[in-house]
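Beneath this line is the structure, given in structure tokens, with notes to follow.
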Amino acid sequence: MSDITHVSDEFVGLLKEQASILLEHVDTGNIEAAVGVLAQLQQARTPDLPDEADVMEALRIKAFDLYNNIADGDHQSALKDLQEMQNVRDKGLYQEVGRLTRALHSAITNFQIDTKTETSSEITDATDRLDYVVQLTENAANKTLDLVEESLPIADNLKQEAAELKKEWERLVQRDMTPDEFRALYWRLDDYFKSLDTDSNKLSANMTDILLAQDFQDLTGQVINKVTSLVKEVEASLVDLVYMASQVEAITGIATSGEDPAKAADMNMKGHGPQVDKEKEDVMASQDDVDDLLSSLGF
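Spelled out as structure tokens, the structure:
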């Protein structure tokens, strides 16, 4: 690992240049821009990964040396060449994993959306945000179903009463109605128009509430889009990492062994999101612990 205490003149110059800009963003409350400046400084501070072509060239040279030493019977030097080839492989993978972990940790830590709700401000990571999406969707669905269940009987009663009144009205048009029946129809129509005014207002209010219940899509859309972007970034980094490892293994001739069933069963219990039970032994106590660990490793 490179000496992380060494600071290049180029980095010092960049730090002096960006310090005032960083403070200005913090003073104005532009946190997103401030995080961008910090990310730029972090990238400049972290030693660059060796170019893939350089890695391949180094491995080819070591492979040639290994062949010559084996041919000369110099087994000690051959073992040394093998170790150096392994070191080249491990160094690139180690630095790439470290950078990926730091980038993922920073992305999750700085994961934010603009919202006016107090509840969403308590959400701190992507998993909780997806839980928040599920909760919003469930609440909207339940509210919509309740309003529909309340509206259906009202609509059915109006429909049934209108059908019966239509029959009576047809009798009136055909002059097939006694004076007493006409008076009963008159008061029945009066009651129907009164209930029609009340019930139509109720149905209109319910339809409006159903429409408003769908406003969760704006917030959930923001959350899902940010989670999707995060997943795509991590996926791209992992693809690059796997490609790099495959190229190194192809040069060194390392074969991938079969997976131990016991280890596979254990791995099935992992990789399903962050642990929320802080009582478990393999759970970091806080985000600061993750920061400290990554910093101690030079990332």
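When the letters of the sequence shown are read in order and numbered with full-length UniProt numbering, they come out as residues 1 to 299. The beta carbon of each residue, even a glycine, is placed where N, CA and C say it ideally should be.
Could you give the residue range of the alpha helix (DSSP H) that holds Asn157? Ala126 to Val173
When the distance is taken between beta carbons, is Val148 closer than 7 Å to Thr220? no
Could you tell me the distance, in whole angstroms, from the CA atom of Ala155 to the CA atom of Trp187? 21 Å
Please work out which residues of its chain come closer than 8 Å, Cβ to Cβ, to residue 300, disregarding the five sequence neighbours upstream and downstream, and give them in chain order. Here the chain covers residues 1 to 299 and nothing more, so residue 300 does not appear.
Write down the C-beta distance between residue 328 and Leu136 rounded to the nearest angstrom, noting that I regard them as a contact closer than 8 Å. Any property of residue 328 remains undetermined from this structure, which presents the chain solely from 1 to 299.
Return the first residue and the last residue of the alpha helix (DSSP H) that Asp199 is part of. Pro179 to Leu212
Just mark Val223 as buried or exposed, buried being the case when its beta carbon has 16 or more other beta carbons within 10 Å. buried
Go ahead and pull the three-state DSSP assignment for Asp72. coil
Let me check understanding here. Comparing Cα to Cα, which of Ala162, Leu211 and Ile210 lies closest to Asp190? Ala162
Roughly how far, in whole angstroms, is the beta-carbon of residue 332 from the beta-carbon of Ala33, given that I think they are within contact range, below 8 Å? In the structure as shown, the chain starts at 1 and stops at 299, and residue 332 therefore has no counterpart that could be examined.
Could you compute how far the alpha carbon of His272 sits from the alpha carbon of Thr127? Low confidence applies to His272: its pLDDT is 46, below 50, so where it sits in the model is not reliable enough to give any reading.
Measuring only the C-alpha atoms, how far is Leu230 from Ile210? 32 Å
Return the CA-CA distance between Ala213 and Leu152, expressed in angstroms with no decimal places. 18 Å
Member of Asn69, Thr198 and Asn206 whose CA lies at the smallest distance from the CA of Leu158: Thr198
Which same chain residues end up closer than 8 Å to Ser77 when comparing Cβ atoms and leaving out the 5 residues on each side of it in sequence? Asp65 and Asn69
Three-way DSSP call (helix, strand, coil) for Thr28 in this model: coil
Whose C-beta lies closer than 7 Å to the C-beta of Glu17 among residues of the same chain, with five residues either side of it excluded? none
Would you call residue 301 buried or exposed, if buried means 16 or more other Cβ atoms sit within 10 Å of its Cβ? Any question about residue 301 goes unanswered here, given that the chain covers just 1 to 299.
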